[in-house]
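Contents: one structure, followed by commentary.
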Amino acid sequence: MAIVRSQETSSSNSHCSYDVFLSFRGEDTRKTFTDHLYTALVHAGFRTFRDDGIERGENIKFELNKAIQESKISIVVFSEDYASSSWCLDELVMILERRRTVGHVVLPVFYHVDPSHVRKQKKSFKEAFTRHEERFHAEASERKVEWIGKVEEWKAALREAADLAGMNLQNQTDGLESKFIQKIVKVVGDKLRRTTLGIAPHLIGIYSRAKNIGLWLQDESSDVGIVAICGMGGIGKTTIAKVLYNLNFSRFEGSSFLANVREILKQQDGLLRLQRQLLSDMLKGRKEKLYSVDEGVVKIKNALCCKKVLVVLDDVDTVDQLDAILGMRDWLSQGSKIIITTRRERLLKAHEVCRVHKVEKLDNDESLELFSWHAFGKNCHIDGFMEDSKSVVQYCGGLPLAIKILGASLSGRSLNVWKSQLQKLKAIPNSEVIEKLRISYDSLQDDHDKNLFLHVACFFVGMDKDWVVTILDGCDFYTMVGIQNLIDRCLLTIDECKKLVMHQLVQEMGKEIVRQESPEPRERSRLCNHKDSLNVLTENTGTRKIEGLTLDMNLFKKDKHDRTNFGVNRKRHYDEFLDTPFLTNTSNSFKRLCFGMFSSKNVGTALGNSNKLTLEVDAFARMHKLKLLQLNYVQISGNLKIFPKGLRWLCWHGFPFKFIPYDFPLESLIVLDMSHSSLQKIWEGDKLLKSLKILDLSHSHCLKTPDFSKVPNLEKLIFKNCARLVEVHESIGHLESLVLFNLKDCKNLRKLPRSICMLKSLETLDISGCSNLEELPTGMDTIESLTVLHANRISISQLLSTSKEVKSWHSFIYPSLLKPRKSMEISWALLPQSLVHLSLENCNLSDDDFPRDFSNLSSLQILNLSGNPIRSVPNCIRGHFGLQKLYLIGCEKLWSVEVQYKLKELYIPDCILLEKVTFQSLPLTLECKNICGNQFVDCRLGRTFLSLDSEQNLVEIEGDYKIEPLGNIDMEIINNLGLSNLGSMGCSNVMLSCYGSQKARKFPLQGCHETHIFCAYCLGSKVPDLFNLKNEGYSISFTVPSHLNFRIRCLSVCSIYALSDNQKEHDYDWDAHTVISNMTKSLIWSHSPYVFGIPEADEDMMMLSYWKFENQLESGDELNISVVGDGDFQVKEVGVHLVYKEQEEKSSQSTSEEACQQFSLYGNVVPGNASVEEVISVREKMLLLFFDFDDAVYYCLGEATATGIIFYFGIAQSYILIWNYSYALLT
């Protein structure tokens, strides 16, 4: 929150009216010490503010706040009578709030007072607060509560200020005030000399991406920490580092920002220059002569060893640089921090001491806002430019650098110039953008990796990684290590479906490098622009320099019609490209991301002859080095035997012939893709192709399978949607290396040959949609290598129409009607025990169609039963301990789910009758491994990742949450939340969003029991009177008051909040947490609700939460309660109501025993009970907590021993449930 709010106010730092703001008690020191200090500061040249010129009146708070905001540093002079002044205390609160939000520098000065008296309010400070409290008691009751909250806020401010590094007159300069003042002036000078870094305006999206690192910098930990900010060039790494530096350097005793480390180290004396800068920064600008690197090491070590410092190293590029930084870590004093920016994520993986923060690209809204600032000078759009603005933003792909450059280049231009510039970008990318991105390419260590990058950029983006490795290994590349090097430089990523993903501008950069090889396309190494390829082929100008060529005539035709709509063509082609073999089982989000401007295929149109081009085969005669060729929807005339003989990859969609001519030279071919072809048989005659490893003939509707003995090394065979394929040639059993066989949607396929059981390497078989398949061959269970079987959309009724003597396919799908009960287990046992992933989606399976157990499928980890009419999870699945993922999407008759506790992922969207999910409780064991820090950003108590949807009726996950009407809730809870008079509040319905839902819906007033917490929502703009501790804003701090001998048993929290209009449009994407910190006992509890209330337009919402405690809260405990969220979540007021034991007992007399038992199901105490034995006994004397940081999930395990509790920390192996959490942490 602090980082987010600072975006609104940080701009004032660059327009400061004052250097120093003086805060002091006028009656104590105005005419003495403070006057002398003011004079000394002014004489030293510091513009200093003191409140002489402000009239005491109603505007005093505004004027003071303005002066604080316009000052670079605040000096707070604590004197004996300081706390007697409410003005001084309010002033201190404002100063510290600015410190928390924008890193404002605060220097406490203790003038004849002991810092401990300030911190603990002793002696004169205690007397001052006694007078304040006496005065407040005389106020009216409604004002009294407000003043009590203010007193607690003052006390918290004094504690915070006293904990800062300050200056104490009694401990310095022997109490001589003149020397003390001189020392203060010197400290001020040192702090002000550490100037902020210049940052370009319009930091859209920067603060949200810097938030977690900002919290890490401010965590007050004693550890020496290192965080690395990584990402591709132009993504904003340096900007984020500068923002973090500016906001936090004043919190450290020394700081240094070393920019452009990679470029400086290329120079002859680069390392020495960096050492000099670092040393100068740490010595507050004092220049030190350095004559050697070794001398620099010694002096820097001495300068750093006694100071808490912040060091930023921008653009670290080599292992040696990183090792030097990590070695420097040992020199640093406790609490020091190092920030690194780098393009090389893999550089950091060997060093577990580094936290890695990967910068994400801007989303569409952020991109459009940033572009508007640079193109129009404001965050709005000019009529007529919106569509073109969106096209530019889409082209930039969320890369801030490109958005800024292109926005500035179009600023002030006419609409015609815009359109012309956009057309130019299609052919020639912006040189300034390319130059910045090319740094990563130039840093590749050798020509091998550079050529590999160019091949991928020109031909293979969006393809399956294994396919690409197979192809390029055959082109004499060391592809696996090369791809890893590209990933290391943020030039390439691999998505969850193992597809190669490259940012569009990085891909354009690669193509531009090839284009710059020669002004003549025929002289370039690769032809990846279809117009260039067409010209070279039609003009017969090919040369031996060409190694790869792609030509898609369908895209060439389409581009003529879409020429004016830059950047949108990809979306139009998207739906037509789904059947390409490289995109099987790929998520839609990935497909939208990975394609370049001309990478789609219009299959429907291209099958027509009208789009096919006839070329002479002579056009390829001089391309002796051609290895990579894509010819989609092209006709060839002439003798194919003069085709290049070194082809490794041939992709020829729409191949026009009925068979491949015998003299077509394919002996070196590794991958052959002839999807959507006219082939009836693959080749003429007996042609031996020993090198062929992948064969894809999908959508070839007239095809018959060949004699596979002629392709003995085939590894992947794809016949997807070959509509007239009836059988598979028996010779398939000879393919000893075959690992994938895809027959999906071969609707007329009737049987598979028995020889398929001879495939000892087969890992994946897909027969989904083979609706006429009569049987599977016996002996399937002998394929010990088979791990994945997809058998979706196979009709059970059709399978039943065959003979009951068939023992394989329908006997394991539908055993209950075909065999006696004894045979049920045997029939499922016909499946290989090696299966890890089994998909039976939309197979019309009911509850009775499953065996008693899956003991024969002991290796099964992923099971898909989506779309089947089951009513509950079968027993064989509930008892399967190894299952990790279960898909039940669209099981419309499903009303309850019971699964193992160890299940990691459960997918249940569109289960419209489902109301309850139950996890079987089993002991959870984790191996305790690496010790890690205890500064937790987020903690989650949970089990399984759930995928839900907006229409879900799910109201209970046993042991985690249960939603029910407020009328059914325990009256004790209702009374302690101030909801007993709901009728008079006039709110009968409220808009609620559940975690995982895509939209909010209106409900009657509901309550939600969660783990240890109860939550409810209603409309309201004011905290009810029941909550006697209140404070404006998102947090409240107070000391638990004494209440005779009664113990606190419960705590109710009320917060009033609103959402921005942007958040209401995305109401499913909320993020809110209630955090309770017991600073006295070092305990923290945090809760993120499963259900969230969405206020209507111009309305406020009231969030109420009820927490039960045992012995964790006692009188005198210092508490801070905060309700925080993202930038669109605006908390206006927080209130707290403490419930003591006697109150609870009186209230509970009117409640039913049943209601009390109901609440206890969800935990009647918050974890972290001071009575350790009670909490630890919950599970085998073990307390297990989960939390995450930087995309890793950790656990904290507490073990009770005879002498106390031992805590273990490590990385959790499970995928943790994300919706609510609560935790206690002993720091």
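Heads up: the sequence shown begins at 1 in UniProt numbering, then just goes up one per residue. Virtual Cβ for every residue (Gly too), placed ideally from N, Cα, C.
{"Check": "Proximity to Gly529 [Cα-Cα], best of Leu549, Thr538, Thr318", "Outcome": "In the sequence under discussion, the amino acid at residue 529 is Asn, which differs from the Gly named in the question. Minimum Cα distance to Asn529 is reached at Leu549."}
{"Check": "Pick from Ile862, Cys475, Leu215 that is closest to His357, judged by C-alpha positions", "Outcome": "Leu215"}
{"Check": "Proximity to Ile1036 [Cα-Cα], best of Cys1054, Ser1042, Gly1020", "Outcome": "Cys1054"}
{"Check": "CB contact flag (Glu775, Lys760, <8 Å)", "Outcome": "no"}
{"Check": "Neighbourhood of Asp686 by C-beta, 8 Å cutoff - its chain only, sequence neighbours within 5 removed", "Outcome": "Asp707, Lys710"}
{"Check": "Proximity of Ala162 and Val118 at Cβ, strictly below 8 Å", "Outcome": "yes"}
{"Check": "Nonlocal neighbours in the same chain, by C-beta distance under 8 Å from Asn772, ignoring five residues either side", "Outcome": "Lys747, Asn748, Leu749, Arg750, Gln798"}
{"Check": "Endpoints, alpha helix (DSSP H) assigned at Asp388", "Outcome": "386 to 396"}
{"Check": "Contact set for Ile382: own chain, Cβ-Cβ below 8 Å, skip 5 residues either direction", "Outcome": "Phe376"}
{"Check": "Cβ contact check for the stretch 1096 to 1107 and the stretch 1018 to 1034: 3 or more pairs under 8 Å", "Outcome": "yes"}
{"Check": "Range of the contiguous alpha helix (DSSP H) that encloses residue 1245", "Outcome": "Beyond the ends of the chain as shown, which are 1 and 1227, falls residue 1245; an answer cannot be given."}
{"Check": "Local conformation of Ala210 per DSSP, three classes", "Outcome": "helix"}
{"Check": "Euclidean distance between Cα positions of His837 and Met232", "Outcome": "35 Å"}
{"Check": "Contact set for Val20: own chain, Cβ-Cβ below 8 Å, skip 5 residues either direction", "Outcome": "Leu41, Phe46, Arg47, Thr48, Phe49, Ser71, Lys72, Ile73, Ser74, Ile75, Val188"}
{"Check": "Alpha-carbon to alpha-carbon, Asn248 and Gln218", "Outcome": "8 Å"}
{"Check": "Spatial neighbours of Gly407 in its chain, beta-carbon cut-off 8 Å, leaving aside the 5 residues before and after", "Outcome": "Leu370, Phe371, Ser372, Trp373, His374, Ala375, Val392"}
{"Check": "Reduced DSSP secondary structure (H/G/I, E/B, other) of Gln277", "Outcome": "helix"}
{"Check": "Cβ pair Val309, Met328 closer than 8 Å", "Outcome": "no"}
{"Check": "Proximity to Arg1042 [Cα-Cα], best of Ile181, Val1139, Leu743, Phe1129", "Outcome": "According to the sequence displayed, residue 1042 carries Ser and not Arg. The residue with the shortest Cα to Cα distance from Ser1042 is Val1139."}
{"Check": "Pairwise C-alpha distance: Lys885 and Gln920", "Outcome": "15 Å"}
{"Check": "The stretch 116 to 130 in contact with the stretch 82 to 100 per 3-pair CB rule at 8 Å", "Outcome": "yes"}
{"Check": "Pro429 versus Glu512 - alpha carbon distance", "Outcome": "7 Å"}
{"Check": "Buried or exposed by the 16-neighbour rule on C-beta atoms within 10 Å, applied to Glu496", "Outcome": "exposed"}
{"Check": "Close Cβ partners of Ser280 (< 8 Å) along its chain, the five nearest in sequence each way excluded", "Outcome": "Arg286, Lys287, Glu288"}
{"Check": "Top-ranked residue by Cα proximity to Val312, from Glu134, Ser336, Ile487", "Outcome": "Ser336"}
{"Check": "Cross-strand partners of Ile1013 (DSSP beta bridge)", "Outcome": "Glu1010, Trp1107"}
{"Check": "4 or more residues per run - each alpha helix (DSSP H) lying fully within the stretch 284 to 322", "Outcome": "293 to 304"}
{"Check": "Identified DSSP bridge partners for Trp1085", "Outcome": "Ile1076"}
{"Check": "Three CB pairs or more closer than 8 Å across the stretch 421 to 437 and the stretch 493 to 510", "Outcome": "yes"}
{"Check": "Alpha-carbon spacing of Asn975 relative to Ile199, whole angstroms", "Outcome": "53 Å"}
{"Check": "Sequence-distant residues of the same chain with beta carbon closer than 8 Å to Gly1116, five excluded per side", "Outcome": "Thr1039, Val1040, Ser1042, Thr1080"}
{"Check": "Member of Glu1010, Phe1003, Leu1104, Cys1008 whose CA lies at the smallest distance from the CA of Leu1051", "Outcome": "Leu1104"}
{"Check": "Classification of Val1165 by the beta-carbon crowding that lies within 10 angstroms, buried from 16 upward", "Outcome": "With a pLDDT of 35 at Val1165, under the threshold of 50, the modelled position of that residue is not reliable, and the figure given next carries that caveat. When all chains shown are included, Val1165 counts as buried."}
{"Check": "C-beta atoms of Leu894 and Leu863 nearer than 8 Å", "Outcome": "no"}
{"Check": "Paired residues, beta bridge with Asn742 - DSSP", "Outcome": "Ile718, Asp766"}
{"Check": "Bounding residues of the alpha helix (DSSP H) (the contiguous stretch that carries Met432)", "Outcome": "Inspection of the sequence shows that residue 432 is occupied by Glu rather than by Met. Here the alpha helix (DSSP H) through Glu432 covers 431 to 442."}
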